[in-house]
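Everything below concerns the one structure shown next.
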Amino acid sequence: MRAAGSWEERFAIAQAALARRDDAGRAVDPEVAFCWRRMVAGRGRIRIERLAAETGWSRKRLWSRFRAQVGLSPKRAARLIRFDHAAHRLAAGHSPASVAAESGYTDQSHLHRDATAFAGMTPFALAVSPFLALDDVAWRRGHASG
């Protein structure tokens, strides 16, 4: 995941890892798949404790199984999903302050932290990045089965 050139590649890697496990006969735990779907549907804005409660697993078990099967901790996956939504809003021309607020960041500095961590650039640089001019419908279609 760290070697991926972009955050979009990281999503593709996570999705492919889930598919490979399924293809190899090593089924992804239904609870892990459920958590991934909930994270994507909630745009990363869900507490891991809540997911654990909804699956009936302890927080520790959820972290362990999710990390083993997805390759990221649930918290990191949720951050990446939240950042994906924020990056698309920035590319659509929304201000970093409004994107931070509507994406669930405490403040703009937290959005800046994720932009630097996941994309290696500032929110302002993301806003003018042509690679973000993606069709959100294609994103949903490509990740709906996950």
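Here UniProt numbering is used: position 89 in the sequence shown is 89, and no number is missing along the way.
We put the CB at the ideal spot given by N, CA and C, even for glycine.
Considering only their Cβ atoms, is the gap separating residue j from residue i smaller than 8 Å?
| i | j | result |
| --- | --- | --- |
| Met39 | Ala14 | no |
| Val32 | Gln69 | yes |
| Gly71 | Ala27 | no |
For residue i and residue j, what's the separation of their Cα atoms in angstroms?
| i | j | result |
| --- | --- | --- |
| Ile48 | Arg59 | 7 Å |
| Leu111 | Gly104 | 9 Å |
| Ala127 | Glu54 | 36 Å |
| Thr116 | Pro30 | 33 Å |
| Glu9 | Arg65 | 22 Å |
| Ala97 | Asp107 | 8 Å |
| Leu134 | Arg61 | With a pLDDT of 46 at Leu134, under the threshold of 50, the modelled position of that residue is not reliable, and the figure given next carries that caveat. Cα-Cα distance, rounded: 35 Å. |
| Gly93 | Ser6 | 20 Å |
| Ala52 | Trp63 | 9 Å |
Nearest CA to the CA of residue i: which residue from the options?
| i | options | result |
| --- | --- | --- |
| Ala91 | Phe124, Val32, Ala33, Ala41 | Phe124 |
| Gly44 | Ser6, Pro74, Thr106, Ala101 | Pro74 |
| Arg76 | Thr122, Glu102, Ile46 | Ile46 |
| Arg67 | Arg89, His85, Trp36, Phe83 | Trp36 |
| Trp57 | Phe34, Phe11, Met121 | Phe34 |
Using the beta-carbon count (16 or more within 10 Å), is residue i buried or exposed?
| i | result |
| --- | --- |
| Ala119 | buried |
| Arg113 | exposed |
| Ala19 | exposed |
| Arg50 | exposed |
Please go through the same chain and pick out, in chain order, the residues whose beta-carbon is closer than 7 Å to the beta-carbon of residue i, but skip the five residues on each side of it.
| i | result |
| --- | --- |
| Arg141 | Reliability fails at Arg141, whose pLDDT of 45 lies under 50, so the model's placement of it is uncertain and the value that follows must be treated cautiously. Around Arg141: no qualifying Cβ. |
Excluding the five sequence neighbours on either side, which residues of its own chain have a C-beta within less than 6 Å of the C-beta of residue i, listed in chain order?
| i | result |
| --- | --- |
| Ser129 | none |
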